[in-house]
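Counting in UniProt numbering, the sequence shown runs from 1 upward without gaps. Every residue gets a Cβ at the ideal spot worked out from N, C-alpha and C, and that includes glycine. These numbers come from a predicted model, not from an experiment. All remarks here apply to the structure that follows.
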Amino acid sequence: MSLILHYNRENGQYKSGQHVYIRVASIQNNWHPFSIASCSLESENETIELTMSVHGYFTMELMRLAKTGMLSSVAVDGFYGSEIEMHPHMIFLAGGTGMVPFLSFLRELEWLVDRKARDNFPESIFIVWTSRDLILLEQYNALLRKIKSSTLWNIDIHIHCTRRESSKIVHITPFTQTTRSITFPRILISSRYRLMVFSSMSLLSMLAVGIVYTIDFDAWWIKQLVVLLSALGALIAGSLMPFFPNGEVSISPTKGLSTLFMADATRTMEVTYGRPQWPSIMRQIQSQMETYDKDDVLDAYICGPEGFYQDVLSSTPSTIPIRYHVKSFAV
C-alpha cells in the first residue's frame, strides 16, 4: 500500500533513503516508521509517498481509513536516516519493503536522466530484491524497466518471489492489467475457494432436492433418479463457482527454477521464484566487477528483515571490495 502525504517544504526537505515516523490518533498513539519512496527532487510536489506492507493492526486500520475516506490527517515526525549517495558502482540488496528507500534513489536517477540535470552517473548498478508480495513487485515494475533500459550504466537486476504458493499456479491482478481471460483447470490454492465450493454445493443440492421432492411422479424410482441427477448437477455447478471471478491472470511456473513474466510483454520484468541463491548471485556480480579497475569499490546498500544482512554477508566472496551501508529505522 502507498500513502501520499502533503507537507510544508519550509519545515525541511527529505533525501533519498530517509524515513519518517507517522501517528494516526484515531488508530493508536504509537509512532510507526516507514521509508520514503518518492523522489526528493520533484520540488513542484510537496508530497511524501510512503510504501508499506499491510500486516498488523496499524497498517490494516490505516488502509481501512484511507479506503473509506476517513483518514483526514497524519502526524509526521522526521526526516531520519542517512542519504543514499551516488557512487561509481552500486548494489541494492533488499528484502520485502526494504526496497522502498532504494526506489526513492532510483526515482532520483530517473528524474535526473529525463531532465539531463547531471553528467556523471554510476557505471554499474546491481539490484537484488527478494519479496513475497507480487503486487509490490508489479507496482514498481515500470520504474525498474526504465532504469534497466538506460544506456548510461550497466545494470543487472535479480528479483525473487518467495511467497508460499510459489510452487503452484499464482494469480496476479496487476494495477494496470485488465485482462479477463480464465485458464482451466485452475488450482484452488486458497481456503476461501474451498469454502466457496462447499457452500455452493450444499446450497444448490438442498435447493434441487427440495424442489424435486415437491413434484409428483408416476413411479417412485423416477423420483429417486431425478433427485440423484439434481444433486449431481448441483455438485458440478457448485464446483465451477470459483472459476468465474473476473480480472485474474493465471501464470504457471515451469519446472525447477520458475520464471514469471508480467502479462504484458511491453512491461516484462523477470521474476524468479524461491529464495535467492546468494553465493551464485554474488559470484556473478564478482565476475562483472572484475571487468572494471581492480581498485574500484562496490558500495552495497542493504535493507531487509532480521537476518537478511547476515545472509548476504556470509555469501559474499572476500575478493570483492565492498563498502556496506545498512539502512534501518535507527534514529
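*In whole angstroms, what is the alpha-carbon distance linking residue 349 and residue 320?*
Missing from the structure shown is residue 349; the chain here goes from 1 to 331 and no further.
_Let me check one thing: in DSSP terms, what residues is residue 33 bridge-paired to?_
The sequence position of residue 33 within the sequence shown is 33, counting from 1. 21.
*When you compare each of 154, 160, 280 and 327 to residue 291 by their alpha carbons, which one comes out closest?*
Reading the sequence shown from its first residue, position 291 is the one you call residue 291. Nearest option by C-alpha distance: 154.
_I need the boundaries of the beta strand (DSSP E) containing residue 79, first residue and last residue._
The residue given as residue 79 occupies position 79 in the sequence shown. 75-80 is the span of the beta strand (DSSP E), which, as asked, contains residue 79.
_At 3 residues or longer, what runs of the beta strand (DSSP E) sit wholly inside the stretch 125-164?_
Listed in chain order, they are 154-161.
*Whole angstroms is fine: what's the gap from residue 278's alpha carbon to residue 284's?*
Start at 1 with the first residue of the sequence shown, and residue 278 comes out as number 278. Start at 1 with the first residue of the sequence shown, and residue 284 comes out as number 284. If you take the alpha carbons of residue 278 and residue 284, they lie about 10 Å apart.
_Residue burial classification, residue 129 (beta-carbon count within 10 angstroms, cutoff 16)_ = Stepping through the sequence shown from its first residue, residue 129 is reached at position 129. Label assigned to residue 129: buried.
*asked:* Using only the alpha-carbon positions, how far apart do residue 61 and residue 289 sit?
replied: Within the sequence shown, the letter at position 61 stands for residue 61. Within the sequence shown, the letter at position 289 stands for residue 289. The straight-line gap from Cα to Cα measures roughly 46 Å.
*asked:* Under 8 Å: does the beta carbon of residue 48 sit that close to some heavy atom of the ligand ZN?
replied: For the ligand ZN, the structure offers nothing, since it holds no ligand at all.
*Kindly indicate the opening and closing residues of the beta strand (DSSP E) around residue 91.*
On the sequence shown, residue 91 is found 91 positions in, with the first residue counted as 1. Segment 89-95, the beta strand (DSSP E) holding residue 91.
_Quick check: what's the CA-CA separation for residue 93 versus residue 270?_
Indexing the sequence shown from 1 puts residue 93 at position 93. Indexing the sequence shown from 1 puts residue 270 at position 270. When rounded, the distance between both Cα atoms is 17 Å.
_Residues that DSSP places opposite residue 295 in a beta bridge_ = Position 295 of the sequence shown, counted from the first residue, corresponds to residue 295. Its beta-bridge partners do not exist; DSSP assigns none.
*Thinking C-alpha only, which one of 323, 145 and 106 is nearest residue 16?*
If you number the sequence shown from 1, residue 16 lands on position 16. Among 323, 145 and 106, the Cα nearest to that of residue 16 belongs to 106.
*Euclidean distance between Cα positions of residue 55 and residue 1*: Here residue 55 is taken as the residue at index 55 of the sequence shown, counted from 1. Here residue 1 is taken as the residue at index 1 of the sequence shown, counted from 1. As the crow flies, the alpha-carbon of residue 55 is around 10 Å from that of residue 1.
*asked:* What would DSSP say about residue 107, mapped onto helix, strand or coil?
replied: The residue labelled residue 107 in the question sits at position 107 within the sequence shown. Looking at residue 107 - three-state DSSP - the assignment turns out to be helix.
_Extent of the continuous alpha helix (DSSP H) to which residue 61 belongs_ = The residue you call residue 61 lines up with position 61 of the sequence shown. 57-67 is the span of the alpha helix (DSSP H), which, as asked, contains residue 61.
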